[in-house]
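S.K.: Residue numbering for the sequence shown is 497 to 721, as defined by this note's numbering. The structure is given below, and queries will be raised subsequently.
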Amino acid sequence: MYGFIGPNGAGKTTAMRILVGISKPTSGSIKVLDADDVTDVRHLIGYLPEEKGLYKRMRVVDYIVYFGRLNGMRKRDAVAKAKALLSEFQLTDWEKEKCQALSKGMGQKVQLMATLVHDPILMVLDEPFSGLDPVNVEVVRSIILDKVKENSTVILSTHIMEQAESLCDAVVLINKGKAVLEGPIDEIRKGDVVSVDHDGDISVFDGLQGVVSVKQVGRAATLQV
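Below, the structure is given as structure tokens:
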């Protein structure tokens, strides 16, 4: 599991939109699942966007089935998988309700189900815990970890370092559209001093768990951890 971390507005969502083919890079190129054109592998990707939105007049089960059908599932299979997910997410009683009746947290869970319904091998999750209470954070966290055990690759974004540390194998810290720190979580934790190529405002590093002090040294920031 790989984490995009950084403050709001850093560029995490833009990077994810490029990954799933919604936005185009202004320079350079991108390859996803060995494909130069993301549309060739779009059916293998599950994307949970930051901008949350449900089709309010659709029934919950129909909403999930709709996204399964969009990704090439037969209707019968999509219905069966949708009902299995509703049970797993503890929302079976809501399957025939319209989406407009859902709370914010339930809506977030339904959108995640729509992301998972076609069993993607790559999951791109933008702030997947947004709007969830602590109990449902654990439910969603457990389901995401189960997907990793099933050999799915997960890329998630968060501005909360503790979430990244507890879930991710590696992270990249993004600020002002640039990757300023990248590496395995264990390696980042080990170092006493980390030098980061960064010519912007070093306050972006303030408040990161484990960071004792930050100094600007030329075009680099030195983090005491």
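Using N, Cα and C, we set each Cβ at its ideal position, and we do this for glycine too.
Skipping 5 residues on each side, what residues in its chain have a beta carbon closer than 8 Å to that of residue 557?
M.R.: Here the question's residue 557 lines up with position 61 in the sequence shown. Here the set comprises 575, 578, 579, 582, 591 and 592.
S.K.: What are the boundary residues of the alpha helix (DSSP H) that residue 564 is part of?
M.R.: Along the sequence shown, read from residue 1 onward, the residue named residue 564 stands at position 68. Residues 556 to 566.
S.K.: Work out the CA separation of residue 635 and residue 524 for me, nearest whole Å.
M.R.: Counting from 1 along the sequence shown, the entry for residue 524 is found at position 28. Counting from 1 along the sequence shown, the entry for residue 635 is found at position 139. In a straight line, the C-alpha of residue 524 is about 38 Å away from that of residue 635.
S.K.: Quick check on the DSSP output: the alpha helix (DSSP H) that includes residue 573 runs from which residue to which?
M.R.: Counting from 1 along the sequence shown, the entry for residue 573 is found at position 77. Looking at the DSSP string, the run of the alpha helix (DSSP H) that includes residue 573 is 571 to 584.
S.K.: Tell me whether the beta-carbon of residue 606 lies closer than 8 Å to the beta-carbon of residue 598.
M.R.: For the purposes of this step, residue 606 is taken as the residue at position 110 of the sequence shown. For the purposes of this step, residue 598 is taken as the residue at position 102 of the sequence shown. Result yes, Cβ atoms of residue 606 and residue 598 sit closer than 8 Å.
S.K.: Between residue 722 and residue 499, is the Cβ-Cβ spacing less than 8 Å?
M.R.: The chain is shown only over 497 to 721; residue 722 falls outside these bounds and no answer can be derived.
S.K.: Would you report the Cα separation of residue 584 and residue 602, rounded to the nearest angstrom?
M.R.: Residue mapping note: residue 584 aligns to position 88 of the sequence shown, counting from 1. Residue mapping note: residue 602 aligns to position 106 of the sequence shown, counting from 1. In a straight line, the C-alpha of residue 584 is about 13 Å away from that of residue 602.
S.K.: Roughly how many angstroms lie between the CA atoms of residue 550 and residue 669, to the nearest whole one?
M.R.: Here residue 550 refers to the residue found at position 54 when the sequence shown is read from its first residue. Here residue 669 refers to the residue found at position 173 when the sequence shown is read from its first residue. Computed Cα separation, rounded: 30 Å.
S.K.: Could you say which of 622, 645, 642 and 662 lies nearest to residue 505 if we only look at CA atoms?
M.R.: As a working mapping, residue 505 is identified with position 9 in the sequence shown. Among 622, 645, 642 and 662, the Cα nearest to that of residue 505 belongs to 622.
S.K.: For the beta strand (DSSP E) that residue 679 lies in, which residues bound it at each end?
M.R.: Walking along the sequence shown from the start, residue 679 turns up at place 183. Counting along the chain, the beta strand (DSSP E) containing residue 679 begins and ends at 674 to 680.
S.K.: Here's a check: name, in chain order, each residue in its chain whose Cβ is nearer than 7 Å to the Cβ of residue 545, leaving out the five neighbours to either side.
M.R.: Position 49 of the sequence shown, counted from the first residue, corresponds to residue 545. Excluding sequence neighbours, residue 545 sits near 622.
S.K.: Please check the pair residue 507 and residue 655, which I expect to be a contact at CB under 8 Å, by giving their CB distance rounded to whole angstroms.
M.R.: Position 11 of the sequence shown, counted from the start, is the residue given in the question as residue 507. Position 159 of the sequence shown, counted from the start, is the residue given in the question as residue 655. Actually they are not in contact, since the Cβ atoms of residue 507 and residue 655 sit about 12 Å apart, beyond 8 Å.
S.K.: Measure from the alpha carbon of residue 702 to the alpha carbon of each residue in 615, 671, 679 and 678, then state which is nearest.
M.R.: In the sequence shown, counting from the first residue as 1, residue 702 sits at position 206. Checked all of 615, 671, 679 and 678; the closest Cα to residue 702 is 671.
S.K.: Ends of the alpha helix (DSSP H) at residue 514?
M.R.: Locating residue 514 in the sequence shown gives position 18, where the first residue counts as 1. Taken as a continuous stretch (DSSP letters only), the alpha helix (DSSP H) holding residue 514 covers 508 to 515.
S.K.: Given a cut-off of 8 Å on the beta-carbon distance, is the pair residue 554 and residue 595 in contact?
M.R.: Numbered from 1 along the sequence shown, position 58 holds the residue referred to as residue 554. Numbered from 1 along the sequence shown, position 99 holds the residue referred to as residue 595. Annotated as proximal: residue 554 and residue 595, with beta-carbon spacing under 8 Å.
S.K.: Using CA coordinates, which residue listed in 684, 683, 680 and 676 is at the minimum distance from residue 697?
M.R.: Residue mapping note: residue 697 aligns to position 201 of the sequence shown, counting from 1. Minimum Cα distance to residue 697 is reached at 676.
S.K.: What does DSSP give as the partner residues of residue 499 in its beta bridges?
M.R.: Translated into positions along the sequence shown, residue 499 becomes position 3. For residue 499, which the question treats as bridged, DSSP gives the partners 652 and 667.
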